[in-house]
Amino acid sequence: MKNLKLKAARAAMDMSQQDLADKVGVSRQTINSIEKGDYNPTIRLCIAICKVLGKTLDELFWDNEEDA
Amino acid sequence: MKKQSSTTFISIIMILALVLLVVLVSSVRTNQDQKVSFTSKVYVRDIPANSPIDSEGHVMPSLVDLDLPAEIVDPENEFWHIDCNDGTCVVSNIASTYFEPVGKKATFTLETSGQENISTVFSITRTGEKNDGLILEMEDGQLVLHGERLFCASVADNNTFSVTLDTLDDSKFYIDLVPSATEHMTPGEYDIHYTITIHVDTPAISMTTLGIAGAFLLFAVALILMTIKDSKDYDERQQAKRGQAAMISFIVSIVCCFAIGIISKTASEFPLSIYEATFIPTIVGVITFAMIADINDAFVGYNGCRAKYIFFAWFMTIIAVLSALVPHVKSKQGDLSRSALLFAACFGAFAVEMTIKTIKDRKGAQEDEES
Chain A
1 MKNLKLKAAR
11 AAMDMSQQDL
21 ADKVGVSRQT
31 INSIEKGDYN
41 PTIRLCIAIC
51 KVLGKTLDEL
61 FWDNEEDA
Chain B
69 MKKQSSTTFI
79 SIIMILALVL
89 LVVLVSSVRT
99 NQDQKVSFTS
109 KVYVRDIPAN
119 SPIDSEGHVM
129 PSLVDLDLPA
139 EIVDPENEFW
149 HIDCNDGTCV
159 VSNIASTYFE
169 PVGKKATFTL
179 ETSGQENIST
189 VFSITRTGEK
199 NDGLILEMED
209 GQLVLHGERL
219 FCASVADNNT
229 FSVTLDTLDD
239 SKFYIDLVPS
249 ATEHMTPGEY
259 DIHYTITIHV
269 DTPAISMTTL
279 GIAGAFLLFA
289 VALILMTIKD
299 SKDYDERQQA
309 KRGQAAMISF
319 IVSIVCCFAI
329 GIISKTASEF
339 PLSIYEATFI
349 PTIVGVITFA
359 MIADINDAFV
369 GYNGCRAKYI
379 FFAWFMTIIA
389 VLSALVPHVK
399 SKQGDLSRSA
409 LLFAACFGAF
419 AVEMTIKTIK
429 DRKGAQEDEE
439 S
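Protein chains in written order, with the numbering used here: chain A, 1 to 68; chain B, 69 to 439.
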């Protein structure tokens, strides 16, 4: 399942996948995999992404049924 | 971090155990002598009148003229040897004893007992490399052993004779025994009993083995430390994918080993040298790991430079292709051209995969920028 919330939050901050990857300390492909829903990140990586994007875990990673 | 330290510790313990095993195996002294005992029937006959004489002046009577039992006179029977001396012919059929020693020196001991007037010509012949097929051939009605005669002596009845020879790696040794009359004898049938003992002397610990084990230990420890240090350059997804790639490549290597083992058992002529048989699973496993890791964006760390790996892969491919094209490059371990071609194929596949992957990644990054 695609993580559109993450993609939207990143785009809102005018960041590319590479920019976010560099700030979080992962590869661009890892961010791409998370956005495409191919990879489930650990809680540690989720927190790091949230901190960079200024969001909470719920805002980026909580799966609301109405969003699905 | 704690988990990493324990993994390092366990890895080092395993390598030390492996090296210890290598040293122990190499230090085992081969003390078990090989002993072959048998009794051979010899037929003693007077030299028939009008027997032909060969170019060297030896009397060469035929089996038919020697009044021997019917089964011996059978022309299909090739294994009878006739030795004529002092008016007496001794007819025997002792087959060559074949031996491939593993060690530095081998001591061959022959004990004879049976008939006091019959001595035995004890000879040892080397036939070169293990793969050599030349052994026995019929020449002018006589069985001839081809190879380098290392030693030949006459051993009298009730005597023991020993000779120590260098094993000369990759050699086959054939021990031949030919009974011969030392003086004129009454015609009849006699039983001669032989005991051949072979003792192979292997040094307690080979310095070469110790050196190889030490170098291997250093290399393995350095490799593990480097891998642990490098693992910090991979993010969590990459580490997981590298783990999967390692597991798959390990299985591929094991399958290769099994396949080679089955081929070696079933094929009439095993097409690979030992060097190739060990090299193929290793290189196939390494390249499988590299390709699977790279397909999952996990071969190069997230701060690493792909360009140097692509350059390295193409460089290795070109070097391997060039060395494969050099004609008649052969070594003791096998055909180097064939190994180089395999090396080129593996690195070529990896280089192509990395290049395609890089082009696709650039497109993906561009699409991300545009979105």
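Virtual Cβ for every residue (Gly too), placed ideally from N, Cα, C.
Check whether the Cβ atoms of residue i and residue j sit closer than 8 angstroms, and answer yes or no.
i        : j        : result
A:LYS2   : A:GLY37  : yes
B:SER187 : B:SER222 : yes
B:ASP362 : B:GLU421 : yes
B:LEU136 : B:ALA174 : no
B:PHE167 : B:PHE229 : no
B:LEU218 : B:ILE162 : no
B:SER164 : B:ILE115 : no
B:ILE351 : B:CYS414 : yes
B:CYS157 : B:PRO120 : no
B:ALA412 : B:THR385 : yes
A:ALA21  : A:LYS55  : no
B:ILE360 : B:ILE427 : no
Please list the partners that residue i has in chain B, where partner means a Cβ-to-Cβ separation under 9 angstroms.
i       : result
A:ASN3  : Per Cβ cutoff of 9 angstroms: no residues; A:ASN3 is ~14 angstroms from chain B at best.
A:THR30 : ASP303, GLU304, ARG305, GLN306, ASP365, TYR370
A:ALA21 : ASP303, TYR370
List the residues of chain B that residue i touches, going by C-beta distances under 8 angstroms, in chain order.
i       : result
A:LEU45 : ASP303, GLU304
A:GLY25 : ASP303, TYR370
How would you list, in chain order, the residues of chain A whose beta-carbon sits under 7 angstroms from the beta-carbon of residue i?
i        : result
B:ALA433 : GLN18, ARG28
What are the boundary residues of the alpha helix (DSSP H) that includes residue i?
i        : result
A:LEU60  : 57–61
A:ASN3   : Where A:ASN3 is concerned, there is no enclosing alpha helix (DSSP H), given that its DSSP letter is neither H nor E.
B:GLY182 : Unbroken run through B:GLY182: none, as it is neither H nor E.
B:VAL112 : Looking at the DSSP string, B:VAL112 is not in any alpha helix (DSSP H); the run it does join, the beta strand (DSSP E), is 102–114.
B:GLY282 : 275–298
With a threshold of 7 angstroms (Cβ to nearest heavy atom), would residue i be considered close to the ligand FAD?
i        : result
B:GLU216 : With respect to the ligand FAD, the structure offers nothing, as it holds no ligand at all.
Using a C-beta to C-beta distance shorter than 7 angstroms, which residues of chain B count as neighbours of residue i?
i       : result
A:GLY37 : Under the 7 angstroms cutoff, chain B gives no residues; its nearest Cβ is about 13 angstroms from A:GLY37.
A:THR42 : GLU304
Using C-beta distances below 8 angstroms, list every residue in its chain close to residue i, excluding the 5 sequence neighbours before and after it, in chain order.
i        : result
B:ASN153 : SER248, ALA249, THR250
B:THR226 : Strictly speaking, residue 226 of chain B in this sequence is Asn, with Thr absent from that position. Result list for B:ASN226: THR180, SER181, GLU184, in chain order.
B:CYS325 : PRO349
B:THR254 : VAL112
Give every residue of the same chain whose Cβ lies closer than 6 angstroms to the Cβ of residue i, excluding the five residues on either side of it in the sequence, and list them in chain order.
i        : result
B:GLN401 : With a pLDDT of 46 at B:GLN401, under the threshold of 50, the predicted position of this residue should be treated as unreliable, though the coordinate-derived value follows. Result list for B:GLN401: SER341, TYR343, in chain order.
B:SER391 : ALA408
B:ASP200 : No answer about B:ASP200 holds up, because its pLDDT of 46 lies below 50 and its placement is not dependable.
B:THR177 : SER230, THR265
B:LYS103 : THR265
B:ARG430 : none
A:GLU35  : ASN3, LEU6, LYS7
B:TYR302 : GLY369
B:PRO169 : THR235, VAL268
B:ILE355 : CYS414, PHE418
B:GLN434 : none
B:SER399 : The predicted position of B:SER399 is uncertain, since its pLDDT is 49 and thus under 50; a value taken from the coordinates is nonetheless stated next. Excluding positions up to five away in sequence, the list is empty.
B:CYS220 : SER191
Please return the same chain residues whose Cβ sits closer than 7 angstroms to the Cβ of residue i, not counting the five positions on each side in sequence.
i        : result
A:PHE61  : CYS46
B:ASP259 : THR107, LYS109, GLY182
B:THR465 : Absent from the model: residue 465 of chain B. The displayed extent of chain B is 69 to 439, so no value can be given.
B:LYS70  : Only weak support is given to the placement of B:LYS70: the predicted model assigns it a pLDDT of 47, under 50, and the value that follows is read from those uncertain coordinates. Cβ within range, chain order: n/a, list empty.
A:CYS50  : THR56, LEU57, LEU60
Got a sec, what are the start and stop residues for the beta strand (DSSP E) residue i sits in?
i        : result
B:GLU216 : 216–223
B:LYS240 : Here B:LYS240 belongs to no beta strand (DSSP E), and DSSP marks it neither H nor E.
> Unbroken alpha helix (DSSP H) runs of length 4 or more, entirely within the region 306–390 of chain B: which are they?
Replying inline: 342–363
>> Give the list of continuous beta strand (DSSP E) stretches no shorter than 3 residues that lie fully inside the region 120–167 of chain B.
In response: Within the region 120–167 of chain B, the complete beta strand (DSSP E) runs of at least 3 residues are 149–153, 156–160, 165–167.
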